[in-house]
Amino acid sequence: MVKQPPLPSLARPGLFKAGDPAIQVHRCSSPNTDLQTLDASAALAAKCGAVGIAPAFSSKGVLKDLAIACQDQVLMITMDNYNGSLKKTKNKNKAREALRERILKNSDLVKVCFDVDRISLSLYFDHHHHISSAVDFQYLRDYRENLHHRSDQAVLDNFEGLSGDKGLLHRDNILHVVRSGRNDTLEQERLSLKAYLAWKISTLPEFSRQLPEYKTICTVGMPIADLLVLSKCLRDYDCLRSLQPSKVKNDVGPKFTVGKDGNINVDLDRYTSRVRRSQVAPQRILIQTTSHKQPVIGRAVAVKGKTATVKVNGRIRGEIRSVHTVGKDYTNAELERVGIILAALHGTSSILKQPLARSIFSTGPSLVSSDSRASTQRPSPSIHSSRPLNTSQTQAVRRILSSSPKDRICLVQGPPGTGKTTVIAATVTSLISNPDYSEKRSIWIFAQSNVAVKNVAEKLADVGFFDFKVLVSQEFHFQWHEHLYRKIEDNVIKSSVFTKKGLEMHRLILDCRVILCTLSMLCHPELIKTKITKLVPLEIVMVDEASQIEMGDLLPLLHKFGDGIQKLAFIGDNKQLAPYGSEDIKDLCSIFEVKHLSQKAVFLNTQYRMPEPIGDFISRKVYGGRLSTQHDIKNRNCLKFIDVGGQEASEGTSFQNTKEVDAVIHVVRKFVKEEKSFRVITPYDAQRALLEKSLRSQGLPWQDKCFCVDSFQGNEDDHIIISVVRTAKTGFLRNIRRSNVMLSRCRKSMTICTKRSYLSSSQTKDTLLGELAAEFGPSAWMSWGDLLNERWQ
């Protein structure tokens, strides 16, 4: 590794109006100088009683640099030099020991930090170091008080609050220093100044007076297994954050209106790319119009349905060409996750001592079987289902109904079309509607997406069970997705009524014992205030789409309700969509990758959705032949390939294929003429948008017709049209889980628009789609001329 030269002194950086010292920065560059510098720094720190610490992380979240400040001295440490896995020299051993014992683990030395949770966990996860007496600059008290204030502004607020002097700081200079991403290899100067700022707060008299009240972190003596679990959850979160774009194009209409207050109202065209009001992080809205050369800058002050209100700097004229949101906001679920990890480090959360959490995360011997609440085995209720169940479905329902301690956590793997929602519905009706079962337990059903929750609710309604409530965010429902809930409209409770008092909520619930919502709804700030979780406690919990849920997303559920959950059932399929980010993040896993739990999963072994030729192919290629098919369609004409011959073209970070769009339009026109029910799916969002736009312009059905593969898991239709898009590189097709979802959605037929030579090429023929084309052979293909002349068999 190339050694960086020592940094020059930072001459009076202009952070404080009373003046700054010239800050001396020392970079550890060799074992000999490291030891001498560390000894000198530790001696100075001991006199002061505190140091300031600021970290810099790699793009993968690894702790790379640590700046340690005391008075006018900053020690810049490249952590790779202190990694225990590297070959050690005698002096490097001593330098490592000095850093560990005299600074990091020294309980008499207060460490005032930026990002104390990340420092504490990365020190151990990456470098096998512990830390003690560490306090966070932005979290001076309990994390619940500051959950929505972990921001640059918190730095200023803490300084001014502890000093009692709002005129102490050069605010703009300090904001320039502290503004950075979580995983950001900062310029060395800014990193040094951040550490100096952290130390400076320790010199304020009010800090010393309040120090006994602050939550501090000490990882010395924490169970190693707990540290590893918390480290992995935080590292995965950081990496997932890094995958989020810092600039997003918002789909909006060209027109806008100006309110009396001067704010503009913008019409939003698409839910997933809508303008959002930032809750925590500062975000800017950039509006490019026909009358301005430079974007007009603003911020969203309100969003209601399909209208966003933006406060702009100056006047705006013309029509809108584009709108972009710059900056990343935090969801309630993200804030809750980080807060729980911090609370566990503070010792104020016992989440990793819970029997359920210990069994899921394997942080120690599983206590599920010995837990007193689960140790009394009751007779399981008999199965009460309005529809017949096959053998594997019956086994799955029995496992979920079982009160045996060994079944307190259970998994059900359901390949496409095997009736996962049927299993959920049968379990609910067995617990609620069965006259043989008198014990009144409440049931909560979660899923990753609102659409999956809606699907389960509709399945309950289809079997004649209506005694349930669906919790939906007002943001998702109003003006965007109201049509999705028409069948179950009377069962929906929108988050806009969460502020109602307990008696009013009781009237809305009406003794209902079954609640459905997304997992993220548990983090809605108003949910607990509604007392819904007291009126309907979380006793039996079922999680659908569990294979798409990353393990860290389970923390809020376990943290808040793990002690009261009597049964936790996960339903999903680790051969379908994985958690978001799994292609980029090593070992990002769902509950179905937890070996000691997944090896006991019930496998639903019969599919009823796909025609037999397609179902048999999916069974052999994806499920090792374990999946049988029961279906009336056995003719291989259920699958057609159209040799479009188009070319892929990049569109931003996505791809389009215009000739495949033309082909899809021809197929859709034929299906509409024949009154067939259909959906169009594609791997790429740019293609989805172009398909939707083209169908609309042709006067063909377009609303709720075009989907990306990732948003269509759990859905199906009689006739599925697929636009593959790619013609040069494999891209999406290399992901067998996504390909499995794409090819398993049809009930009657599947039409695939692609390029024949592409699927038979050396790079593509061994993909799932390439193997499907080879298996069905030349007779499954249609030419462009066949398509135009509607030569369909």
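Quick note, the sequence shown lines up with residues 1 to 793 if you use my numbering. For each residue, glycine too, the CB sits at the ideal point set by N, CA and C.
Leaving out five residues on either side along the sequence, give the residues of the same chain with a beta carbon under 6 Å from the beta carbon of residue 247. 324, 326
Opening and closing residue of the alpha helix (DSSP H) in which residue 345 lies: 332-346
Local Cβ density within 10 Å of residue 703, reported as buried at 16 or more and exposed below that: exposed
Near residue 596, which residues of its chain fall below 7 Å by C-beta distance, leaving aside the five closest residues on each side in sequence? 362
What is the DSSP secondary structure of residue 719, reduced to helix, strand or coil? strand
For residue 739 and residue 760, I'd like the C-alpha separation in whole angstroms. 17 Å
By DSSP, does residue 141 sit in helix, in strand, or in coil? The predicted model places residue 141 with a pLDDT of 47, which falls under 50 and marks its position as unreliable, so this point remains unresolved.
First and last residue of the uninterrupted beta strand (DSSP E) at residue 383: Looking at the DSSP string, residue 383 is not in any beta strand (DSSP E), and its letter there is neither H nor E.
Distance, residue 609 Cα to residue 390 Cα: 15 Å
Contact check, residue 135 vs residue 203, beta carbons under 7 Å: no
What residues match up with residue 750 in a beta bridge as DSSP calls it? 639, 720
Classify residue 447 as buried or exposed, calling it buried when 16 or more other Cβ atoms lie within 10 Å of its own Cβ. buried
I'd like to check one pair, residue 425 with residue 714: are the Cβ atoms closer than 7 Å? no
Whole-angstrom distance between residue 70 and residue 44, CA atom to CA atom: 7 Å
Classify residue 512 as helix, strand or coil using the three-state DSSP reduction. coil
Residue 469 and residue 512 closer than 7 Å at C-beta: yes
I need the straight-line Cα distance from residue 578 to residue 734, nearest angstrom please. 14 Å
Assuming contact is defined by CB atoms lying nearer than 7 Å, are residue 800 and residue 641 in contact in what I supplied? Not covered by the structure: residue 800. The range shown for the chain is 1 to 793.
Out of 266, 427, 259, which has the shortest C-alpha to C-alpha gap to residue 285? 266
On the three-state DSSP scale, how would you describe residue 578? coil
Can you list, in chain order, the residues of its chain whose CB lies under 8 Å from that of residue 622, leaving out five sequence neighbours each side? 415, 575, 736, 740, 768
Looking at residue 340 and residue 349, is the spacing between their C-beta atoms short of 7 Å? yes
Of all the options 37, 773, 255, 60, which has the alpha carbon lying nearest to the alpha carbon of residue 585? 60
Going along the chain, which residues of its own chain have a beta-carbon closer than 7 Å to the beta-carbon of residue 143, five neighbours each way excluded? Note that residue 143 scores 42 on pLDDT, short of 50, meaning its location in the model is unreliable; the coordinates nonetheless yield the value given after this. Around residue 143: 339, 342, 343.
So, using beta-carbon positions, are residue 581 and residue 233 closer together than 7 Å? no
DSSP puts residue 409 in a beta bridge; with which residues? 568
When DSSP labels each residue in this structure, what does residue 626 get in the three-state scheme? coil
State the start and end residues of the unbroken beta strand (DSSP E) segment that holds residue 69. 63-70
Note the first and the last residue of the continuous beta strand (DSSP E) segment covering residue 136. 134-136
Kindly indicate the opening and closing residues of the beta strand (DSSP E) around residue 76. 73-78
Quick check on DSSP: helix, strand or coil for residue 298? strand
Give a yes or no on whether the C-beta atoms belonging to residue 813 and residue 129 are separated by under 7 Å. Past the edges of the chain, shown from 1 to 793, lies residue 813, and the structure says nothing about it.
Do residue 721 and residue 751 come within 7 Å of each other at the CB atom, strictly closer than that value? yes
How should residue 14 be labelled, buried or exposed, when 16 other C-beta atoms within 10 angstroms of its C-beta is the threshold for buried? exposed
Is residue 190 near the ligand GTP, with its Cβ less than 6 Å from a heavy atom? In the structure on display, the ligand GTP does not appear, and there are no ligands present to speak of.
Looking only at its own chain, which residues have a Cβ that is under 7 Å from the Cβ of residue 147, when we skip the five neighbours before and after it? Below a pLDDT of 50, predicted positions are generally treated as unreliable, and residue 147, at 45, falls in that range; no measurement from the model is reported.
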